[in-house]
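Numbering-wise (the numbering used here), the first sequence opens with residue 0 and increments by one. Read the structure below first, then the notes.
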Amino acid sequence: MTTPSQEIRVRFAPSPTGYLHVGGARTALFNWLFARHTGGTLILRIEDTDFERSSEAMVEGILEGMRWLGLDWNEGPFYQSRRLDLYTATAAKLLAGGHAYRCFCTREELEQRRAAATAAGGTPMYDGRCRRLTPHQVQERQAASQPFALRFAVPVGGATSFDDAVFGNVSFANEELEDFVLLRSDGIPTYHLSVVADDIDMRLTHIIRGADHISNTPKQVLQYLALGAPLPVFAHVPLILGPDKTRLSKRHGATSVISYKELGIVPEAFRNFLALLGWTPRDSAWASSTKDAAGKEREIFGSEELISLFSLDGISKSNAVFDNDKLAWFNTEYIRAYPAGKLLPLIEEEWSRINFVPQQSREALLSLIDLLKPRARSLRDFSGAFLAYFRDDFEFDAAAVGKFFKDDELRTLLVELGLRYQGESEWTEASTEQLLRSFAEQKQVKAGLLINGARVALTGQGVAPSLFAVMVALGKERVVRRLSAAAAIPLAAAAAVEG
RNA sequence: GGCGCUAUGGUGCAGCGGUUAGCACGCGGCCCUUUCAAGGCUGAAACAUGGGUUCAAUUCCCAUUAGCGCUACCA
Numbered sequence: 000m001t002t003p004s005q006e007i008r009v010r011f012a013p014s015p016t017g018y019l020h021v022g023g024a025r026t027a028l029f030n031w032l033f034a035r036h037t038g039g040t041l042i043l044r045i046e047d048t049d050f051e052r053s054s055e056a057m058v059e060g061i062l063e064g065m066r067w068l069g070l071d072w073n074e075g076p077f078y079q080s081r082r083l084d085l086y087t088a089t090a091a092k093l094l095a096g097g098h099a100y101r102c103f104c105t106r107e108e109l110e111q112r113r114a115a116a117t118a119a120g121g122t123p124m125y126d127g128r129c130r131r132l133t134p135h136q137v138q139e140r141q142a143a144s145q146p147f148a149l150r151f152a153v154p155v156g157g158a159t160s161f162d163d164a165v166f167g168n169v170s171f172a173n174e175e176l177e178d179f180v181l182l183r184s185d186g187i188p189t190y191h192l193s194v195v196a197d198d199i200d201m202r203l204t205h206i207i208r209g210a211d212h213i214s215n216t217p218k219q220v221l222q223y224l225a226l227g228a229p230l231p232v233f234a235h236v237p238l239i240l241g242p243d244k245t246r247l248s249k250r251h252g253a254t255s256v257i258s259y260k261e262l263g264i265v266p267e268a269f270r271n272f273l274a275l276l277g278w279t280p281r282d283s284a285w286a287s288s289t290k291d292a293a294g295k296e297r298e299i300f301g302s303e304e305l306i307s308l309f310s311l312d313g314i315s316k317s318n319a320v321f322d323n324d325k326l327a328w329f330n331t332e333y334i335r336a337y338p339a340g341k342l343l344p345l346i347e348e349e350w351s352r353i354n355f356v357p358q359q360s361r362e363a364l365l366s367l368i369d370l371l372k373p374r375a376r377s378l379r380d381f382s383g384a385f386l387a388y389f390r391d392d393f394e395f396d397a398a399a400v401g402k403f404f405k406d407d408e409l410r411t412l413l414v415e416l417g418l419r420y421q422g423e424s425e426w427t428e429a430s431t432e433q434l435l436r437s438f439a440e441q442k443q444v445k446a447g448l449l450i451n452g453a454r455v456a457l458t459g460q461g462v463a464p465s466l467f468a469v470m471v472a473l474g475k476e477r478v479v480r481r482l483s484a485a486a487a488i489p490l491a492a493a494a495a496v497e498g
């Protein structure tokens, strides 16, 4: 990491018209990684100039999403709705410099002309008629207090281009750009004006944002030029698509970041997954650190690694499909790798969601978590399938009962096994296993039958850690109690499966 | 429709003129085994199409096709 001659300043500028969605989250993440990598500054700016659609609740939702992902910022949040003076001043500058003009066309007129142009097979673009108004005509209309919007006067002819850190040189013919609106007739700035005014005012050096803004960029470049401001580096990041390769939307399921929290995803896993959607570490300088012991490429990167590895030139140009399976894999990897102490607070959040307070000591909880985490797919398992380890009130999984518990004789045997365990004084994995195996031999049944049955009776699940480890974790008292109650395990569950 | 961008297995990426086209997720098989994971071994699976440039194209150029984006007094 070299010391930049100029401080790096980037921003995440969401519009609070919805919750933080995965695309926005990745943009935020890339900005954050870039800022942290370069020792720069990350600014949070709320683009709420669309008063109709913006709300404070949405701002809170966005902040909550960022906090969950562990993305912090250095300045802000700034609200554009409170910086209106800057925009009108900037607009005045543009007007004074001859780069903008008043447009008296009404919304209705505009719509009509657009419809007509489309019907005629043409391109619906503002025809610039108010740009040709004489000073006298403008004066007249103003005197008549006709409402007007302020439009940018796009240069005639030529092209506007910029060097994108991801896409390279991108160029647009000026004749393709229409005289876009800077200030609406109510005096509220449009996005085109407020971004540029803010990006200049906040001295941003890099603009990292979604590729859906590429087409807007020339309009912004033109304003920088007109204002005599230095151009920042633009870096457009490809979009995230759903499995059907269309833009990610509610239709594809969870799109808000916070819904992944509710799904039991570990934030760091989500971050790792997101970082690798559209970005990969550039090999060369970090070759050793991106390979595992066997020399294969790794994909699990902690926050610090991600920060040190991040660079703009590792961003790919094509859109990426959000893959839930891969996210699930990252999640299990993180859950397995986390020490129990780090997992506990996350699990406690899960429990509080279902109003459950465990009675065990912290030590007991930690060892239970260590026992269970290799099999966890989600934090939700701890508030669902794994509940039998933490309390006596739990459900029997119908499929498990159906598969391992059909036999009536098995119930009798398990009850008897419970009685045997009751008489045991030693309680270790070895002793419990030995007792079960000799009991099986004595009864002339396969040990596996009892093991499978006992697993269901003890945990309610067909899937569990090693049975004898479970017995030790549960403790003798619980094991005896649950085995003794084996006869009462609901048959309905089994019937439901068979039916 | 116009303009822009993109195009390697099902998915995410690597490759940056000459490779048996690599890795990860997912999928199949085998081993391990008390269940299920994990783990070990292993298998199937890709350079969109057509032209160029070049001794040589997945790689460079151009078309075509497809996908996505923009096309508002939304952001």
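Don't be surprised by glycine CBs; every beta carbon is placed ideally from N, CA and C.
- Query: Cα separation between alanine 472 and leucine 482?
  - Reply: Counting from 1 along the first sequence, the entry for residue 472 is found at position 473. Counting from 1 along the first sequence, the entry for residue 482 is found at position 483. Looking at the two C-alpha atoms, the distance is approximately 15 Å.
- Have a look at valine 479 and proline 357 and give me their C-alpha separation to the nearest angstrom. Within the first sequence, residue 479 is the residue found at index 480, counting from 1. Within the first sequence, residue 357 is the residue found at index 358, counting from 1. Cα to Cα, the separation comes out at about 21 Å.
- Item | Within the region 48 to 121, ranges of the beta strand (DSSP E) (whole runs, at least 3 residues) | Qualifying beta strand (DSSP E) stretches, in chain order: 74 to 78 and 99 to 102.
- Message: Considering only the alpha carbon of each residue, which of Gly64, Thr411, Lys260 and Pro338 lies closest to glutamate 349?
- Response: As a first step, residue 349 is located in the first sequence; it is residue number 350 there, counting from the start. Considering only alpha carbons, the answer is Lys260.
- Query: From serine 465 to leucine 371, what does the alpha carbon distance come to, in whole angstroms?
  - Reply: Within the first sequence, residue 465 is the residue found at index 466, counting from 1. Within the first sequence, residue 371 is the residue found at index 372, counting from 1. Those two C-alpha atoms are separated by around 10 Å.
- Message: Need the endpoints of the beta strand (DSSP E) that valine 180 sits in, please.
- Response: Position 181 of the first sequence, counted from the start, is the residue given in the question as residue 180. From DSSP, the beta strand (DSSP E) with valine 180 extends over 180 to 182.
- Query: Per the contact definition of three or more C-beta pairs closer than 8 Å, is the region 3 to 15 in contact with the region 41 to 49?
  - Reply: yes
- Message: Looking at histidine 191: is its Cβ nearer than 9 Å to the Cβ of glutamine 219?
- Response: For the purposes of this step, residue 191 is taken as residue 192 along the first sequence, with counting starting at 1. For the purposes of this step, residue 219 is taken as residue 220 along the first sequence, with counting starting at 1. Contact flag set, yes.
- Item | glutamine 460 CB to nearest heavy atom of the ligand ATP below 8 Å | As for the ligand ATP, it is missing from this structure, which has no ligand bound.
- Message: My assumption, with CB atoms under 8 Å, is that alanine 234 sits in contact with isoleucine 207. Please give the rounded CB distance.
- Response: In the first sequence, residue 234 corresponds to position 235, counting from 1. In the first sequence, residue 207 corresponds to position 208, counting from 1. Right, their Cβ atoms sit about 5 Å apart.
- Query: Going by Cα to Cα distance, which pick from Val180, Ala95, Ile45 and His36 is closest to tyrosine 125?
  - Reply: Locating residue 125 in the first sequence gives position 126, counting from the first residue. Comparing Cα-Cα distances from tyrosine 125 to each of Val180, Ala95, Ile45 and His36, the minimum goes to Val180.
- Item | N- and C-terminal bounds of the alpha helix (DSSP H) containing arginine 270 | Position 271 of the first sequence, counted from the start, is the residue given in the question as residue 270. Taken as a continuous stretch (DSSP letters only), the alpha helix (DSSP H) holding arginine 270 covers 266 to 274.
- Message: Under 8 Å: do the region 31 to 39 and the region 302 to 310 share three or more Cβ pairs, one atom per stretch?
- Response: With a cut-off of 8 Å, the region 302 to 310 and the region 31 to 39 count as touching, because enough Cβ pairs lie within range.
- Task: Tell me whether the beta-carbon of glycine 69 lies closer than 9 Å to the beta-carbon of valine 256.
- Result: Looking up residue 69 in the first sequence gives position 70. Looking up residue 256 in the first sequence gives position 257. Contact: no.
- Item | Cα-Cα separation, serine 377 to threonine 89 | Locating residue 377 in the first sequence gives position 378, where the first residue counts as 1. Locating residue 89 in the first sequence gives position 90, where the first residue counts as 1. Serine 377 and threonine 89 have their C-alpha atoms some 50 Å from each other.
- Message: Taking the alpha carbon of tryptophan 31 as the reference point, which residue from Asn330, Arg335, Gly417 and Phe309 has its own alpha carbon closest?
- Response: Sequence index remark: in the first sequence, residue 31 carries index 32 (1-based). For the residues Asn330, Arg335, Gly417 and Phe309, the minimum Cα distance to tryptophan 31 belongs to Phe309.
- Top-ranked residue by Cα proximity to threonine 87, from Leu221, Asp197, Ala468 and Arg436: What you label residue 87 is simply residue 88 of the first sequence in a count that begins at 1. Checking every option, the nearest Cα to that of threonine 87 belongs to Asp197.
- Query: Looking only at C-alpha atoms, which of Ala268, Leu345 and Leu182 sits nearest to leucine 85?
  - Reply: For the purposes of this step, residue 85 is taken as the residue at position 86 of the first sequence. Ranking the options by Cα distance to leucine 85, first place goes to Leu182.
- Among the residues of its own chain, which have a CB less than 6 Å from the CB of phenylalanine 381, if the five just before and after it don't count? In the first sequence, residue 381 corresponds to position 382, counting from 1. Result list for phenylalanine 381: Ile346 and Glu349, in chain order.
- Helix, strand or coil: how does DSSP classify aspartate 162 here? Taking the first sequence and counting its residues from 1, the one referred to as residue 162 is at position 163. DSSP places aspartate 162 in strand when its eight states are reduced to three.
- Report the rounded CA-to-CA distance for arginine 390 versus isoleucine 199, giving the unit in angstroms. On the first sequence, position 391 is the one that residue 390 refers to. On the first sequence, position 200 is the one that residue 199 refers to. Just so you know, the alpha carbons of arginine 390 and isoleucine 199 end up roughly 58 Å apart.
- Hey, proline 237 and alanine 210: beta-carbon distance below 9 Å or not? As a first step, residue 237 must be located in the first sequence, where it is residue number 238. As a first step, residue 210 must be located in the first sequence, where it is residue number 211. Against a cut-off of 9 Å, the Cβ pair of alanine 210 and proline 237 comes out as a contact.
- Query: In chain order, what residues of the same chain lie with their CB nearer than 7 Å to the CB of leucine 203, ignoring the 5 residues before and after it?
  - Reply: Your numbering for residue 203 matches position 204 in the first sequence. Closer than 7 Å at Cβ, skipping near neighbours: Arg8, Val9, Arg10 and Pro231.
- Message: Just verifying my parser: in three-state terms, what is the DSSP assignment at proline 344?
- Response: Position 345 of the first sequence, counting from 1, holds the residue named residue 344. Helix.
- Task: Give the DSSP-derived three-state secondary structure of arginine 140 in the structure shown.
- Result: The count along the first sequence starts at 1 and reaches residue 140 at position 141. Helix at arginine 140.
- Message: Taking the alpha carbon of tyrosine 223 as the reference point, which residue from Gly252, Ser160 and Arg361 has its own alpha carbon closest?
- Response: Translated into positions along the first sequence, residue 223 becomes position 224. The shortest C-alpha separation from tyrosine 223 is found at Ser160.
- Report the partner residues of glutamate 296 according to the DSSP bridge assignment. Counted from its first residue, the first sequence places residue 296 at position 297. Its beta-bridge partners are Lys290.
- Query: At a cut of 8 Å, does the region 65 to 81 reach the region 115 to 131 through at least three beta carbon pairs?
  - Reply: No: the two stretches stay apart, fewer than three of their Cβ pairs being nearer than 8 Å.
- Message: For proline 242 and valine 320, which I take to be in contact (beta-carbon distance under 8 Å), what is that distance rounded to the nearest angstrom?
- Response: Locating residue 242 in the first sequence gives position 243, counting from the first residue. Locating residue 320 in the first sequence gives position 321, counting from the first residue. So it is a contact: roughly 6 Å between Cβ atoms.
- Should cysteine 102 and leucine 149 be called a contact, given that it needs their Cβ atoms to be closer than 9 Å? Residue 102 sits at position 103 when you count from the first residue of the first sequence. Residue 149 sits at position 150 when you count from the first residue of the first sequence. The answer is yes: Cβ separation under 9 Å.
- Message: To the nearest angstrom, how far is the alpha carbon of asparagine 360 from that of serine 366?
- Response: Residue mapping note: residue 360 aligns to position 361 of the first sequence, counting from 1. Residue mapping note: residue 366 aligns to position 367 of the first sequence, counting from 1. It is worth fixing the name first, because residue 360 is serine in this sequence and not asparagine. If I take the Cα positions, the gap works out to 10 Å.
- Assigned exposure category for isoleucine 264 - 16 Cβ within 10 Å defines buried: As a working note, residue 264 is residue 265 in the first sequence. Burial call: buried.
- Query: Hey, how far is the Cα of isoleucine 334 from the Cα of glutamate 415?
  - Reply: Within the first sequence, the letter at position 335 stands for residue 334. Within the first sequence, the letter at position 416 stands for residue 415. One C-alpha to the other measures close to 37 Å.
- Start-to-end residues for the alpha helix (DSSP H) that takes in phenylalanine 438: As a position in the first sequence, residue 438 is number 439, starting the count at 1. Counting along the chain, the alpha helix (DSSP H) containing phenylalanine 438 begins and ends at 428 to 442.
- Can you name the start and end residues of the beta strand (DSSP E) that isoleucine 206 belongs to? The residue given as residue 206 occupies position 207 in the first sequence. Where isoleucine 206 is concerned, the enclosing beta strand (DSSP E) stretches over 205 to 209.
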